[in-house]
DNA sequence: GAAAATTGTAAGGTAAACCTAACACATTGT
DNA sequence: ACAATGTGTTAGGTTTACCTTACAATTTTC
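Residue numbers (the working numbering), protein chains in the order written: chain A, 520 to 659; chain B, 520 to 659.
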């Protein structure tokens, strides 16, 4: 089995997911540039992802996610978004800092916490006006 | 320099901090048991912490934090508490899950996010009654 | 105070994730 | 078309943090 992905591999599929979603023809070397690692590291990582059947990849062609890879990437990216939105909308953290924190936390936070955070942000946004009357000090 | 601690070393000083605060005479082997690692790993980690002047340690005696070590541990532990309290009080996450998540996130979250989260939890607790009238769906 | 148990450390090993250098192979530009 | 550029892989190396085994040093217990 060995079915859980390391933080590193999650970053690889997340980047592949976001790039290909935009129709980009992503090759290994592009991934290396985006992630700031060597082509050699990408080569190793991609062969792990291929052997886990999360991506399809032939040298010099565009990387694509398999169905399972896409599902996996989507899970990670959704966590990222829940975190980012919570940081931005609820805590008023600047956008880029919110993303940076989300990028690291998305790999380790539990599904239950993410799901509660998502509901909370939704409710908070809905009742923001009313809440803000009371919560002066979290407005910074 | 090399002044930032790895997650691993942060866990070591945090455990030392919590144990010694309770008056416990903590030795290397105790730490190994608490952290679930080998005595050999503890031995290596402690000599790193000694060389960074964060702890004092002589074989067969109790480990103590230096002033700097104590400050460092306190910083980590405060992050832990801010996270745990937020998960418990705001998101209604069960205590042990809140702690588990805090243990991992405390090493990577930025100071600014922690500080905003702290203010938020404080305000939320203060106005909890009023807020709950509106925020039914984040109540679990 | 000697035997037993505990504690610490050294040596050597593993695994993950990165690196550089070198080379093979493919694509592009003129 | 073939030189220049870009891409991928291999081999070998580094670092970090763990491990086991074995042994040395200390403390505890009878």
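Ideal placement from N, C-alpha and C gives every residue a C-beta, glycine not left out.
Here's the rule: buried if 16 or more other CB atoms are within 10 angstroms of the residue's CB, otherwise exposed. What is residue i?
i                      : result
residue 548 of chain B : exposed
residue 522 of chain A : exposed
residue 559 of chain A : exposed
residue 617 of chain B : buried
residue 552 of chain B : exposed
How about residue i: is its C-beta nearer than 8 Å to some C-beta of chain B?
i                      : result
residue 620 of chain A : yes
residue 611 of chain A : yes
residue 615 of chain A : no
residue 632 of chain A : yes
residue 623 of chain A : yes
residue 654 of chain A : yes
residue 586 of chain A : no
residue 635 of chain A : yes
If I measure Cβ to Cβ from residue i and keep anything under 8 Å in the same chain, skipping five residues before and after, which residues do I get?
i                      : result
residue 627 of chain B : 526
residue 580 of chain A : 546
Considering only residues of the same chain and omitting the five flanking positions on each side of residue i, which have a CB-CB separation below 6 Å?
i                      : result
residue 520 of chain A : With a pLDDT of only 38 at residue 520 of chain A, under the threshold of 50, the placement of this residue in the model should not be trusted; the figure read from the coordinates follows. So no residue of the chain qualifies.
Specify, as a first and last residue, the run of the alpha helix (DSSP H) that residue i falls within.
i                      : result
residue 608 of chain B : Looking at the DSSP string, residue 608 of chain B is not in any alpha helix (DSSP H), and its letter there is neither H nor E.
residue 536 of chain A : 526-540
residue 568 of chain A : 558-570
Look at the alpha carbon of residue i and the alpha carbon of residue j, and state the distance between them as a whole number of angstroms.
i                      : j                      : result
residue 611 of chain B : residue 654 of chain B : 13 Å
residue 545 of chain B : residue 567 of chain B : 17 Å
residue 635 of chain A : residue 650 of chain A : 18 Å
residue 637 of chain A : residue 587 of chain A : 24 Å
residue 613 of chain B : residue 624 of chain A : 19 Å
residue 595 of chain B : residue 620 of chain B : 14 Å
Can you list, in chain order, the residues of its chain with a C-beta nearer than 7 Å to that of residue i? Leave out the 5 residues immediately preceding and following it.
i                      : result
residue 562 of chain A : 547
residue 530 of chain B : 554
Kindly indicate if chain A contains any beta-carbon less than 8 Å away from that of residue i.
i                      : result
residue 646 of chain B : yes
residue 650 of chain B : yes
residue 627 of chain B : yes
residue 642 of chain B : yes
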